[in-house]
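First residue of the sequence shown? That's 846 in my numbering, and the numbers climb one at a time after it.
Glycine included, each C-beta is placed from N, C-alpha and C at the ideal position.
Since this is a predicted model, take the numbers as computed values, not measurements.
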Amino acid sequence: MTDKIESMEILKKDIRSNARGVYVLQGTKLHWRWSLVDYFHNVARVYETNKKYIVWGLDKEKYYNGIKVGDVILLRTNKKTRDKKEISGIFGIGIVSKKLKDTTKYWPAELEGTGLWPYRLQIKVIALSEEVFENLKMIEPKITESLAKAYSQKDGVTVRRILESLSLLDERDIIQENFGPGSVKPIQDISRVESILEKIRVLFVPLGDLDDVGETEEAIASENAKSFPDFISVLYHRELTVALNELERGKNVILYGPPGSGKTILAKILAAEYSKRHGGNGYLLYTVHSGTDFFDLVARITPQTNNEGILYYKKEPRYLINALIGKKVLILDEINRTQIDTALGIFFTYLEKEHRIQDVRTIMHILQAESDIALSEDELRDVLEFFRIIGTLNIYDKTFLFKLGDALRRRFRFIEITTTEEIIEYLKQNFNRFLTLIEYNASNEERYGVAWTLFSIFSEINEIKELGIGILKDLILFSDNFEKPEEAIEESVISILLPFFENDIGFREVSRVLERYKLYRAQKALERLNHAFRAFE
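Written out as structure tokens, the structure reads:
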């Protein structure tokens, strides 16, 4: 079992990186008592609680939709009266392990017909107040038997009476934090969360680790992946979550990493999800190039002729303005291929949401001047609230890699998309699924062996220089062009992998990998690609 110190430190790290949301679930002592007793003694036998999971219900779907599997939950009681001496506060912490919609009558008020909480969360308990835990252990068997009997008979009155007689959730070691009214309260103040976690670390009893939080959304998504983009979104589920959180906070995002890592695919997925959540109209994608300037990206004047053949000039909105007025996310693919701050012109300042909202009238005049587009102040304010830019950046693009200035960095959140050891391990465990989704026909052992060997070579070379799994996909699919396994492997390596190591300081390490696999022709090809380095050896 992960001890309480390690668990809290892991949670702090995940929360700081926005990998997990944090919510307080607030409810009556009566209903929390029932959930706790069922968690510890399994009296209802509706859910498999087994001293591991506690079940809680919500009455509004919007709260349910906001909470994700893996999010941190603080369990908190509300006060029943205004008596200042009454104890209320946080008595436990857990992780959401499953979400389910269920109308089974579970809590006393449901048995009595006075309420229904169908949006339910199965929460893995990580720690409880020490006194609460001890009091749960001390509940006598005759009480749990009476509760079980009353519940089986759907006798809500008796269940309520027994629960109200328990000395539970009046303990002094409950953390008396106040979050205001409401059954679900998201917490975004990281310092406050860390303070609470530290109190939990000191005061509470550790009861579960973080290694098994049940059926995660990532696992479900992996099974349901129908395409390579779906698979990519599963691999980078955490990065997508962080990026979406930053967009929600009003920031723009740049996804950066090696070639083939799926940055553009992820940018599209991210843009579509953000747009769906906020009533947008999707996204507009522009591929940046070395000649990209204000007239390509924002607005330009173009010569036109009318029906009489008379020349005139027309103001033409381009990608940024079209995305803005169309309520779309703007994706700038390969954003580092030009001096982007210059290309954006006056709109560079307005990348920051705060500046946009403060200067609505100024932007109205700019739009009118640059493109003859007239929007009402309310219409413009709405699209300015929505507008976001998602950029992608190839870290190995030496030819066009412009220096990203501090002003640009401040206006974006940078999120790395790369092929980590964890990604390689995930691919190894799900290799057959990967081959299916890239539409590789592993119809016999020989063809499967080619794919596996190429994956092994890719994995070793990835330790020298990280490459995206799109490169792995191309590597394996290219081998389809050859009948003989040895030829398929060597030609694929030469054509797909080696170009990334031209004049590369790490080519000697790559050469040793090729030698281990007896790819001698590939070794010679690599030597030719690095003749400049060899001259200095």
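Report buried or exposed for N1375, applying the criterion of at least 16 other Cβ atoms within 10 angstroms of its Cβ. What you label residue 1375 is simply residue 530 of the sequence shown in a count that begins at 1. Classification for N1375: buried.
Determine the burial state of T1137: buried for a count of at least 16 other Cβ atoms within 10 Å of its Cβ, exposed for fewer. Taking the sequence shown and counting its residues from 1, one reaches residue 1137 at position 292. Looking at its Cβ environment, which holds 16 or more other Cβ atoms inside 10 Å, T1137 is buried.
State the start and end residues of the unbroken alpha helix (DSSP H) segment that holds K913. As a working mapping, residue 913 is identified with position 68 in the sequence shown. Where K913 is concerned, there is no enclosing alpha helix (DSSP H), given that its DSSP letter is neither H nor E.
With a threshold of 8 Å on Cβ separation, who are the neighbours of F1024 within its own chain once the five nearest residues in sequence on each side are excluded? Counting from one through the sequence shown, the residue named residue 1024 turns up at place 179. V869, Q871, R921, K1030, I1032.
Tell me the rounded alpha-carbon separation between K857 and E1039. Numbered from 1 along the sequence shown, position 12 holds the residue referred to as residue 857. Numbered from 1 along the sequence shown, position 194 holds the residue referred to as residue 1039. Between K857 and E1039, the C-alpha separation is close to 6 Å.
Let me make sure I understand the geometry here. Which of F1259, G960, K913, Y884 has the alpha-carbon closest to that of G937? Taking the sequence shown and counting its residues from 1, one reaches residue 937 at position 92. Checking every option, the nearest Cα to that of G937 belongs to Y884.
Quick check on the DSSP output: the beta strand (DSSP E) that includes S942 runs from which residue to which? One-based indexing of the sequence shown puts residue 942 at position 97. Note, S942: beta strand (DSSP E), 935–946.
Would you tell me roughly how many angstroms separate the C-alpha atoms of L1246 and S1288, rounded to the nearest one? On the sequence shown, residue 1246 is found 401 positions in, with the first residue counted as 1. On the sequence shown, residue 1288 is found 443 positions in, with the first residue counted as 1. Caution applies to L1246, whose pLDDT of 45 falls short of 50 and renders its modelled position unreliable; the value that the coordinates give is listed next. One C-alpha to the other measures close to 42 Å.
Threshold first: 3 residues or longer. Then list the beta strand (DSSP E) segments lying entirely within the segment 1014–1039, N to C. 1029–1031
Pick helix, strand or coil for Q1213, following the three-state DSSP scheme. The residue given as residue 1213 occupies position 368 in the sequence shown. It is helical.
Check for me: the alpha helix (DSSP H) holding W901 runs from which residue to which? Here residue 901 is taken as the residue at index 56 of the sequence shown, counted from 1. Counting along the chain, W901 falls outside any alpha helix (DSSP H), though it belongs to the beta strand (DSSP E) covering 898–903.
Closest by C-alpha distance to L1085, when choosing among R1206, R1258, T1183: Here residue 1085 refers to the residue found at position 240 of the sequence shown. L1085 has its Cα closest to that of R1258, out of R1206, R1258, T1183.
Are at least three pairs of beta-carbons, each pair with one atom in the segment 1266–1275 and one in the segment 1125–1136, less than 8 Å apart? no
Since V970 sits in a beta bridge, which residues does DSSP pair it with? Your numbering for residue 970 matches position 125 in the sequence shown. In DSSP, V970 forms a bridge with G939.
Check this for me: beta carbons of G934 and I971, under 9 Å apart or not? By one-based count along the sequence shown, residue 934 stands at place 89. By one-based count along the sequence shown, residue 971 stands at place 126. Contact: no.
Per DSSP, which residues does G1236 bridge with? Please list them. Position 391 of the sequence shown holds residue 1236. I1099, L1177, per the DSSP bridge assignment.
Residues in its own chain within less than 6 Å of E1215 by CB, not counting five upstream and five downstream? Working through the sequence shown from its first residue, we reach residue 1215 at position 370. Only A1144 meet the Cβ criterion.
Short check: CB of P1103 to CB of N1239, under 9 Å? For this step, residue 1103 is matched to residue 258 along the sequence shown. For this step, residue 1239 is matched to residue 394 along the sequence shown. Cβ atoms of P1103 and N1239: closer than 9 Å.
Thinking just about the alpha-carbon of each residue, which of K994, E1224, D1141 is nearest to the one in T1187? Counting from one through the sequence shown, the residue named residue 1187 turns up at place 342. Nearest of K994, E1224, D1141 to T1187, Cα basis: D1141.
Would you give the residue range spanned by the alpha helix (DSSP H) that A1144 belongs to? Within the sequence shown, the letter at position 299 stands for residue 1144. From DSSP, A1144 is part of no alpha helix (DSSP H) but of the beta strand (DSSP E) over 1144–1150.
Pull up the distance between the alpha-carbon of S991 and that of I860, whole angstroms please. Along the sequence shown, one-based indexing puts residue 991 at 146. Along the sequence shown, one-based indexing puts residue 860 at 15. If I take the Cα positions, the gap works out to 41 Å.
Is the beta carbon of A995 less than 9 Å from the beta carbon of R890? Counting from 1 along the sequence shown, the entry for residue 995 is found at position 150. Counting from 1 along the sequence shown, the entry for residue 890 is found at position 45. No. Outside cutoff.
Proximity of V1205 and Y1119 at Cβ, strictly below 9 Å: What you label residue 1205 is simply residue 360 of the sequence shown in a count that begins at 1. What you label residue 1119 is simply residue 274 of the sequence shown in a count that begins at 1. Result no, Cβ atoms of V1205 and Y1119 do not sit closer than 9 Å.
Boundaries (first-last residue) of the beta strand (DSSP E) holding E1328: Indexing the sequence shown from 1 puts residue 1328 at position 483. Neither: E1328 is in no beta strand (DSSP E) and is coded neither H nor E.
I1185, buried or exposed, once every other Cβ within 10 Å from all chains shown has been counted against 16: Taking the first residue of the sequence shown as 1, we reach residue 1185 at position 340. Buried, by the Cβ-count rule.
Okay, do the segment 1000–1008 and the segment 1089–1099 touch, 3+ Cβ pairs below 8 Å being the bar? no
Taking Cβ positions, are E1284 and L1343 nearer each other than 9 Å? Residue 1284 sits at position 439 when you count from the first residue of the sequence shown. Residue 1343 sits at position 498 when you count from the first residue of the sequence shown. Contact: no.
CA-CA distance, S1356 and E1179? The count along the sequence shown starts at 1 and reaches residue 1356 at position 511. The count along the sequence shown starts at 1 and reaches residue 1179 at position 334. Distance between the alpha carbons of S1356 and E1179 is about 30 Å.
Near G1313, which residues of its chain fall below 7 Å by C-beta distance, leaving aside the five closest residues on each side in sequence? As a working note, residue 1313 is residue 468 in the sequence shown. Counting only Cβ-Cβ distances below 7 Å, and skipping sequence neighbours, we find G1102, P1103, P1104, G1105, S1106, G1107, T1264.
Cβ neighbours of H886 in the same chain (closer than 6 Å, five flanking residues each side left out): Here residue 886 corresponds to residue number 41 of the sequence shown, with the count starting at 1. Cβ neighbours of H886 beyond the five flanking positions: T989.
Does the beta-carbon of I1114 have 16 or more other beta-carbons within 10 angstroms, so that it is buried, or is it exposed? The sequence position of residue 1114 within the sequence shown is 269, counting from 1. Buried is the call here.
What residues are listed by DSSP as bridge partners for V1050? For the purposes of this step, residue 1050 is taken as residue 205 along the sequence shown, with counting starting at 1. Paired residues: L973.
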